[in-house]
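One structure is given below, encoded as structure tokens.
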Amino acid sequence: MTPQPLAEPVIDTHVILRAGDKLLFSQRGGPYGYGRWHMPSGKLDRGEALRAGAARELLEETGVTVDPAHLRMVHVVHHRQSAEVDRIGFFFEATRWSGEPVNREPEKCLGLEWFSVHELPDDIIEYPQKGLLAYLEGDGALTEHGWE
């Protein structure tokens with residue numbers, strides 16, 4: 007029997023920046039999901055710890071500084087992007103930070119906006135939406151998306 011190749015998922019970090027009942031969203035400006043909403047996120051670098059990567063991505067995208075130790079992991083999504091690519095997204099909640107969010111990547115982001123947890127934007131990209139809604143609904147620790 008020929009052994010199956012090992013999975014090589016892309017590892018993503020997503021930060022749910024929360025101020026009371028408000029969450030920070032960014033509006034995509036790149037080709038993937040243009041004009042749609044998601045939370046600050048990005049890919050983990052090789053050799054980087056998850057919380058450190060999440061804090062780095064948040065800083066790069068929004069100028070907000072968060073102590074990685076203050077990030078609380080709230081959900082994981084195993085997302086099948088295509089037959090060739092799967093991703094594992096780690097979702098972190100941040101409730102303590104310094105700085106005011108600004109769009110530091112205008113070539114990738116159309117803008118940042120706060121939304122109430124009771125009035126989320128209609129057009130959230132499906133993959134991050136699955137993690138966000140599971141977090142808000144307290145729906146377990148893991149969502150598998152796109153594996154149907």
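In my numbering, each number is its position in the sequence shown, counted from 1, plus 6. Quick reminder that beta carbons are idealized off the backbone N, C-alpha and C, glycines included. In this text the structure is predicted, and so the values were computed from the model without any measurement.
For the 8 Å CB-CB criterion, proline 46 and alanine 61 do not form a contact.
Threonine 71 carries a strand assignment under DSSP once its states are collapsed to helix, strand and coil. When DSSP states are grouped into helix, strand and coil, arginine 57 belongs to the helix group. Cα atoms of glycine 48 and proline 9: separation of roughly 32 Å, rounded to the nearest angstrom. With contacts defined as CB atoms closer than 8 Å, glutamate 99 and isoleucine 17 fail to qualify as a contacting pair. Between leucine 126 and leucine 30, the beta carbon gap of about 12 Å keeps them out of contact (Cβ cut-off 8 Å). If you draw a straight line from the Cα of arginine 42 to the Cα of glutamate 54, it comes to about 28 Å. Distances from the alpha-carbon of glycine 95 to those of Met7, His151 and Arg24 put His151 closest.
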